[in-house]
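So the protein sequences, as listed, match chains X and S. The first sequence maps to residues 3 to 196 in my numbering. The second sequence maps to residues 3 to 196 in my numbering. Glycine included, every Cβ here is placed at the ideal spot set by N, Cα and C. As the structure is a computational prediction, the values presented were derived from the model and not from experiment. What follows is a set of notes on a single structure, which appears directly below.
Number of protein chains: 2
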Amino acid sequence: MPPPRRPGQRAGLTRARVLTGANELLAEHGVESVTMRGLAKHLEVTPNALYSHVTSKTALLDEMLDDLLAKVQTPDPQADDPRTGLHQLMSSTYHVLLTHQDLVPLYLARQGARGHNAQHLGEIMISLLARGGVTGQPAREALRVLIVYTIGFAAFAARGPLVPGDRPQPPNQELIANFDSGLHWLLTGIGVTK
Amino acid sequence: MPPPRRPGQRAGLTRARVLTGANELLAEHGVESVTMRGLAKHLEVTPNALYSHVTSKTALLDEMLDDLLAKVQTPDPQADDPRTGLHQLMSSTYHVLLTHQDLVPLYLARQGARGHNAQHLGEIMISLLARGGVTGQPAREALRVLIVYTIGFAAFAARGPLVPGDRPQPPNQELIANFDSGLHWLLTGIGVTK
DNA sequence: ACCTGAACACCGTTCAAGT
DNA sequence: ACCTGAACACCGTTCAAGT
Chain X
3 MPPPRRPGQR
13 AGLTRARVLT
23 GANELLAEHG
33 VESVTMRGLA
43 KHLEVTPNAL
53 YSHVTSKTAL
63 LDEMLDDLLA
73 KVQTPDPQAD
83 DPRTGLHQLM
93 SSTYHVLLTH
103 QDLVPLYLAR
113 QGARGHNAQH
123 LGEIMISLLA
133 RGGVTGQPAR
143 EALRVLIVYT
153 IGFAAFAARG
163 PLVPGDRPQP
173 PNQELIANFD
183 SGLHWLLTGI
193 GVTK
Chain S
3 MPPPRRPGQR
13 AGLTRARVLT
23 GANELLAEHG
33 VESVTMRGLA
43 KHLEVTPNAL
53 YSHVTSKTAL
63 LDEMLDDLLA
73 KVQTPDPQAD
83 DPRTGLHQLM
93 SSTYHVLLTH
103 QDLVPLYLAR
113 QGARGHNAQH
123 LGEIMISLLA
133 RGGVTGQPAR
143 EALRVLIVYT
153 IGFAAFAARG
163 PLVPGDRPQP
173 PNQELIANFD
183 SGLHWLLTGI
193 GVTK
């Protein structure tokens, strides 16, 4: 809690402050608490003040989504064979998404993955597929299939809270194993070589 | 438009009328138009009148979601081999979901598939997997993988309208082909026999 | 440029009261 | 039992005005 400002004193809001405030709210009270009005109260400004730094709530959420993908661990091109690398990349993405379960449904409900981080991961996947012997149209199809599968599974774990206000449950071990099985089936079917 | 009622005259609302009214709104103006207040206006009653027939908006949407699955075509156990049957069942599910694109994100955001129709389809899938040589724990995992993949792909097609109020776009042929490729890879990886 | 006050046009849901 | 009037506690966003 910052000290209360006297009238006439600047709030000193920045785009970055708005972003971190939104992430604080998300971490402490879940997606449902991330409202423009709630965020404004958290930052001790009036709701409309936010619009000097963010064009809309949607734009704010999009930014939060793409920022999340920066945490995905990319495989070492030297150390790992392409199939293992692909498996690890998708697995890391899945786990990152699981840490912010309640944000995932927005991925599918909205734009999916169009931010810079998302695009970067896509390029890495394409190169891994190529090294695994999959190129051209099949590679583009495999890319989409792997993305949809991974985000879909994360969204599935993120079943809406039974009671609104519930915090995310601990990651379900059975579901994680299930994700791995499916990923294995997919990579086998696609024919990615080791 | 029903004729205007005189004061004291009953509205004659029923649970079924509320459901069909909601589906009309969905078909004509999209999910975003399905609000309790908007639905009330469509049915020419006050908003709170709906709560005599439906416990909440969430319950209403759940019912709408499960009703949708009744339209899925189930394969003929006699005519088709299990792998083809499974492919057709998932494909039919995918196309049914595509006809109501904007409803799909709710599937993943909320309960997924818990209604009677969803459960019935799950049982058919399990028996098809068994006939295809997949039983026990692998069958349960395959079931979830196939469901997540199918709903995920439908949700992916259902990218939020770029401009709020946009109506669903015509089914994208490229995406449909992509769904088929992935489904093929999955069934191959799972090892469902013909 | 950045922020406030006030307002617009909405939401879901509840409660007391009427028939 | 079914429905209305009125209210509660919210939303996202815009606009004019102040510093």
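Item: Counting only beta-carbon separations shorter than 7 angstroms, does proline 84 of chain S have a partner in chain X?; Value: no
Item: Could you compute how far the alpha carbon of leucine 91 of chain S sits from the alpha carbon of leucine 108 of chain S?; Value: 21 angstroms
Item: Can you check whether the C-beta of arginine 39 of chain X is within less than 7 angstroms of a C-beta belonging to chain S?; Value: no
Item: Give me the chain S residues within the contact set of isoleucine 153 of chain X, using Cβ-Cβ distance strictly less than 7 angstroms, ordered along the chain.; Value: Gly154
Item: Where does serine 129 of chain S sit, in a helix, a strand or coil, going by DSSP?; Value: helix
Item: When you check each C-beta in the stretch 128-154 of chain S against every C-beta of chain X, which residues fall closer than 7 angstroms?; Value: Glu143, Arg146, Val147, Val150, Tyr151, Ile153, Gly154
Item: Decide if proline 84 of chain S is buried, meaning its Cβ has at least 16 other Cβ atoms within 10 Å, or exposed.; Value: buried
Item: Leaving out the 5 sequence neighbours to the left and right, which residues in its chain are closer than 8 angstroms to glycine 184 of chain X when beta-carbon positions are compared?; Value: Tyr151, Phe155
Item: Please compile the residues from chain S whose C-beta is within a distance smaller than 7 angstroms of the C-beta of isoleucine 192 of chain X.; Value: Trp187
Item: In three-state terms, what does DSSP make of glutamine 80 of chain S?; Value: coil
Item: Against asparagine 174 of chain X, what residues of chain S qualify as contacts under a CB-to-CB distance less than 9 angstroms, listed in chain order?; Value: Within chain S, no residue comes near asparagine 174 of chain X; the closest Cβ sits about 11 angstroms away, beyond 9 angstroms.
Item: For a test of the three-state rule: what should DSSP assign to alanine 61 of chain X, helix, strand or coil?; Value: helix
Item: At a Cβ threshold of 7 angstroms, is glycine 32 of chain S touching chain X?; Value: no
Item: At which residues does the alpha helix (DSSP H) containing lysine 43 of chain X begin and terminate?; Value: 38-44
Item: Report all residues from its chain with a CB closer than 7 angstroms to the CB of alanine 18 of chain X; omit the five preceding and five following residues, and keep chain order.; Value: none
Item: Identify each residue in the stretch 48-65 of chain X for which the Cβ-Cβ distance to at least one residue of chain S is less than 9 angstroms, and report them in chain order.; Value: Thr60
Item: For a quick check, are the C-beta atoms of glutamate 143 of chain X and asparagine 174 of chain S less than 7 angstroms apart?; Value: no
Item: Taking its Cβ as the centre, do 16 or more other Cβ atoms sit within 10 Å of glutamine 221 of chain X, making it buried, or is it exposed?; Value: With chain X represented from 3 up to 196, any question about residue 221 of chain X goes unanswered, as that position is not in the structure.
Item: Against chain X, does alanine 14 of chain S count as a neighbour if the rule is that its beta carbon must be under 7 angstroms from one of theirs?; Value: Checking the displayed sequence, the identity of residue 14 of chain S turns out to be glycine instead of alanine. By this cut-off, glycine 14 of chain S is not an interface position.
Item: Where does histidine 186 of chain S fall in DSSP's three states?; Value: helix
Item: Do you know offhand how far leucine 188 of chain S's Cα is from isoleucine 128 of chain S's?; Value: 15 angstroms
Item: For alanine 159 of chain S, collect the residues of the same chain with a Cβ closer than 7 angstroms to its Cβ; drop the 5 residues on either side in sequence, then sort them by chain order.; Value: Leu100, Gln103, Asn174, Leu177
Item: Do we get a CB-CB distance below 7 angstroms when we pair glycine 184 of chain S with the residues of chain X?; Value: yes
Item: Grab me the residues of valine 20 of chain S's own chain with a C-beta within less than 8 angstroms of its C-beta, minus the 5 sequence neighbours each way, in chain order.; Value: Leu41, Leu45, Leu52, His55, Val56, Leu62
Item: Can you give the Cα-Cα distance for histidine 186 of chain S and valine 106 of chain X, rounded to whole angstroms?; Value: 26 angstroms
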